[in-house]
Amino acid sequence: MTSNPDRIPRPDAPPPLLFEQSHPGACAVSLPAADVPTVKPASVIPADLLAAVPPPLPEIGELDLVRHFTRLAHRLFSVDANFYPLGSCTMKYNPKINERAAAMPGFTNLHPLQADEDVQGMLGLLHTLQTALAEIAGLADVTLQPAAGAHGEMTGLMLINAWHRSRGETRTKVLAPDTAHGTNPASCTVCGRHAIPIKSLPNGRVDLDDLRKRVDEQTAAMMITNPNTAGLFDSHIADIAEIVHGAGALLYLDGANMNAILGVARPGDFGVDVMHYNVHKTFSTPHGCGGPGAGPVAVRAGLERFLPTPHIVRRDDGTYALDHDRPDSIGKVRSFYGQTGVLIRAYAYIAALGPEGLRDVSEKAVLAANYVAARLKGHFAFPFEGPYAHEFLIVPQLTQHGVTELDVAKRLIDFGIHPPTMSWPVAHCLMIEPTETESLATLDAFANTLIHIANEAATQPDRLHSAPQHAPVTRLDEVGAARKPELRWRAAEPQDKSAGQQEPPPRIHKA
Amino acid sequence: MPVPADRRYTKTHEWHLPADGLVTIGITQFAADELTDITYVELPKIGQTIQAGAPFGEIESVKATGDLNSGVSGTVKEINENLAGAPELVNSDPFGAAWMIKVAIDNPAELDALLSAEDYERMIAG
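Top line first, the protein sequences correspond to chains X and U. Quick note: the first sequence uses my numbering, first residue 37, plus one each step. Quick note: the second sequence uses my numbering, first residue 769, plus one each step.
Now the structure itself:
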């Protein structure tokens, strides 16, 4: 860390750890007197398992504890407070009406083991969501059980395996373009299949010749993301579907980028047989760092009988039920109904917007991305030609100044913008996804910032190399942190008086 | 960027150097530079068999994780134990001290099928 010349703690300096704020005897809670007999640990725990010295836990008063966590909370970077170009890929803006819907006591007070006739409202909502997702996909039926995108991929591949099995076949290979999300080959492996990469053309689309060469009678499916991870719609998708179907295989769509095509193109119409949604992304529910998510899977007619049990169905009398009687089903993939909190929010989002509104989401998301791309022309290199879908890639062409994509990303932090995805799916790139909800003023401010940084890179490259300068934590030693991680906090050595004017010992910031 | 002429290369940037009846495998300077600072190298166990065109290990940098692919099939006879404690060797001396494994190969013809230094140099230039 850089030292502060005035030795005055910066207001935005990292707050001390709870351990550093500890005062012997301080306590944040007053426990009532025990109303059961107390026992000494030594009388019930074997001596060799007892610590000789109690662990040095922090002792801290209630107000100091509240301030500590409130200060930390204020440091959160969120889409509610700041723009970020990570887009729906990470999490787009979540309308607050979704929260109100999900917090209704009629939903929050349900017990997952209540009888079907007691939870008609919830089952009706979930069934309507299934129907809406099937319509958006252009496919026949949907399961809401998978709890995340990758879980949806696994479920989808299990459905595909079940379909091949029903035809007396076991196929071992799954094709995926070399731009695929890493979860695609991982899901193949989890499902006992081999992932085979398919080359991309210089224009970022699937190389059909390579596909024709690799598809064979052992191919169970091709997994494709369209628009792909570089934000490019593969206009040869119908040819891809024909080649894949011609070999007796199925086409799987990774729905991570559905934000670009809602109401504009339906995967079922362009040849997809099975797909998953990331409803926590596309249909706007708050999530982060592992959840909660939901990855519903949609299937073409002919594959419905393999969907997980229980399946939510509408009976002829208009009531809803959990159908367990599905002999060809792959079985349960998630407890109870899936991630209902996420699904209620997705329902609220879809119901609030309606068909025209959803189409408007995608059109505005695509327009925003192409607008920012146009503003950046001449300042950055573009690995692929537009027009783009909801996201695009730029490459800082600044190597003559020793400036890398990492430096540009770090410098953005100084301007209050979270860095975008970096170095993927092509080397040295930054991936920009502004989403549909940003105003023109915000998009301009972002483009102006990137252009400013590109100019700075040419005139004052040191500003980028040392960025961020205006953040609580400045440039970290990422190499040192990865090669020699220090994962345990240790109390600083007591300082002697003569050292009083030196800077305080560096604090350890580790994940 | 130097590409030693005494060895053969894969399109996935591994070099293969035959010597004393074994083939030594490592990654090229180009690959090391693209990966940036290497933080971890996972190698197979001695005695393990490896296949041409298939991964034999993994490499991690601050930027990416990737497979280490073999251009030859055979049995692992030696591994470079130094890389566990000093993965930075891959950045500083990829063609020398950062060799990864030594393999007794099944079919010498596989080695001839790999890229020459000249072909590899042309590939990374293009």
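Ideal Cβ placement from N, Cα and C applies to all residues, glycine included.
When X:Ala64, X:Asn264, X:His104, X:Pro432 are compared against Pro50 (chain X), the one with the closest alpha-carbon: With respect to the C-alpha of Pro50 (chain X), the residue from X:Ala64, X:Asn264, X:His104, X:Pro432 having the closest C-alpha is X:His104.
Can Met258 (chain X) and Leu211 (chain X) be called in contact, C-beta distance under 9 Å? Taking a C-beta distance under 9 Å as the contact criterion, Met258 (chain X) and Leu211 (chain X) qualify as a contact pair.
Under 7 Å Cβ to Cβ from Glu340 (chain X), same chain only, skipping five residues before and after it: list those, please. A distance below 7 Å between beta-carbons, with the five flanking residues on each side excluded, links Glu340 (chain X) to the following residues of its chain, in chain order: Ala176, Asp177.
For Arg350 (chain X): DSSP bridge partner residues: Arg350 (chain X) is bridged to X:Tyr356.
In the DSSP assignment, find the alpha helix (DSSP H) that holds Ser202 (chain X) and state where it starts and stops. Counting along the chain, Ser202 (chain X) sits inside the alpha helix (DSSP H) bounded by residues 185-202.
Is it buried or exposed, Gln150 (chain X), if we count other Cβ atoms within 10 angstroms and call 16 or more buried? Exposed, by the Cβ-count rule.
Quick check: is the beta carbon of Glu514 (chain X) nearer than 9 Å to any beta carbon in chain U? Yes, Glu514 (chain X) lies at the interface with chain U (some Cβ there is under 9 Å from its Cβ).
Three-state secondary structure assigned by DSSP to Pro823 (chain U): Pro823 (chain U): strand per DSSP, three-state reduction.
Measure the alpha-carbon distance for Phe143 (chain X) versus Arg447 (chain X) and round it to whole angstroms. Rounded to whole angstroms, Phe143 (chain X) and Arg447 (chain X) show a C-alpha spacing of 44 Å.
Can you confirm whether Ala216 (chain X), when its beta carbon is compared against all beta carbons of chain U, has any partner nearer than 9 Å? Answer no: the Cβ-Cβ gap between Ala216 (chain X) and chain U never drops below 9 Å.
Could you pull the start and end residues of the beta strand (DSSP E) that Ile793 (chain U) belongs to? Start and end: 790-795.
Measuring alpha carbon to alpha carbon, tell me which residue in X:Val378, X:Asp361, X:Val335, X:Tyr373 is nearest Trp199 (chain X). Closest by alpha carbon: X:Val335.
Distance, Tyr129 (chain X) Cα to Leu287 (chain X) Cα: C-alpha separation (whole angstroms): 31 Å.
So with CB distances below 7 Å, who are the chain U contacts of Ala518 (chain X)? Per Cβ cutoff of 7 Å: Thr807, Val830.
If you count every other CB in all the chains shown that lies within 10 Å of the CB of Phe482 (chain X), and 16 or more means buried, which is it? So Phe482 (chain X) counts as buried.
If the cut is a Cβ gap below 7 Å, which residues of chain X does Pro855 (chain U) touch? The answer, in chain order, is Arg519.
Report all residues from its chain with a CB closer than 7 Å to the CB of Asp305 (chain X); omit the five preceding and five following residues, and keep chain order. Residues of the same chain with a CB within less than 7 Å of the CB of Asp305 (chain X), apart from the 5 flanking positions on each side, are Gly174 in chain order.
Taking the alpha-carbon positions, what's the Arg107 (chain X) to Ala490 (chain X) distance? Note on geometry: alpha-carbon atoms of Arg107 (chain X) and Ala490 (chain X) lie some 34 Å from one another.
Measuring straight from C-alpha to C-alpha, what distance separates Pro423 (chain X) and Ala296 (chain X)? Near 12 Å, if we compare the C-alpha coordinates of Ala296 (chain X) and Pro423 (chain X).
So, are the CB atoms of Pro455 (chain X) and Val378 (chain X) less than 9 Å apart? No, they are not a contact pair.
Less than 9 Å between CB atoms is the rule here; does Glu782 (chain U) satisfy it with respect to chain X? By this cut-off, Glu782 (chain U) is not an interface position.
Beta-carbon separation (whole angstroms), Val310 (chain X) vs Val333 (chain X), contact threshold 8 Å: Indeed they touch by this definition, with Cβ atoms about 7 Å apart.
Mark Met140 (chain X) as exposed unless 16 or more other C-beta atoms lie within 10 angstroms of its C-beta, in which case mark it buried. When all chains shown are included, Met140 (chain X) counts as exposed.
Flag this pair as yes or no: are the beta carbons of Arg381 (chain X) and Ala138 (chain X) separated by less than 9 Å? Yes. Within cutoff.
Does the region 355-371 of chain X come within contact of the region 119-133 of chain X, defined as at least 3 CB pairs closer than 8 Å? The region 355-371 of chain X is not in contact with the region 119-133 of chain X.
Neighbourhood of Asp246 (chain X) by C-beta distance below 7 Å, restricted to the same chain and skipping five residues each side: Spatial neighbours of Asp246 (chain X) in its own chain (CB-CB distance under 7 Å, excluding positions within 5 residues in sequence) are listed in chain order as Ile234, Lys235.
If I follow the unbroken alpha helix (DSSP H) through Asn406 (chain X), where does it start and stop? From DSSP, the alpha helix (DSSP H) with Asn406 (chain X) extends over 376-412.
Quick check on Pro542 (chain X): does DSSP put it in helix, strand or coil? Residue confidence for Pro542 (chain X) is low, a pLDDT of 43 falling below 50, so the modelled location carries little weight and cannot support an answer.
Expressed to the nearest angstrom, what Euclidean distance is found between the alpha-carbon atoms of Ser841 (chain U) and Ile892 (chain U)? Answer to the nearest angstrom: the Cα atoms are 24 Å apart.
Below 6 Å CB to CB, which residues in the same chain sit around Glu828 (chain U) once its five sequence neighbours on both sides are set aside? Excluding sequence neighbours, Glu828 (chain U) sits near Thr807, Tyr808.
For Arg776 (chain U), which residues of its own chain have a beta-carbon under 6 Å away from its beta-carbon, when the five flanking residues on both sides are left out? Taken in chain order, the residues that qualify are His784, Leu879, Leu882.
In whole angstroms, give me the CA-to-CA distance for Ile449 (chain X) and His323 (chain X). Straight-line Cα distance between these residues: approximately 22 Å.
Thr164 (chain X) CB to nearest heavy atom of the ligand ATP below 8 Å: This structure does not include the ligand ATP; it has no bound ligands of any sort.
Consult DSSP for Lys317 (chain X) and reduce its assignment to one of helix, strand or coil. Lys317 (chain X): helix per DSSP, three-state reduction.
May I have the straight-line CA-CA distance separating Arg524 (chain X) from Gly354 (chain X), to the nearest angstrom? For Arg524 (chain X) and Gly354 (chain X), the distance between alpha carbons rounds to 59 Å.
For a contact meaning CB atoms closer than 8 Å, what does Ala802 (chain U) contact in chain X? The identity of residue 802 (chain U) in the sequence shown is Glu, whereas the question assumes Ala. Contact annotation for Glu802 (chain U) against chain X: Ala463 [CB-CB distance below 8 Å, chain order].
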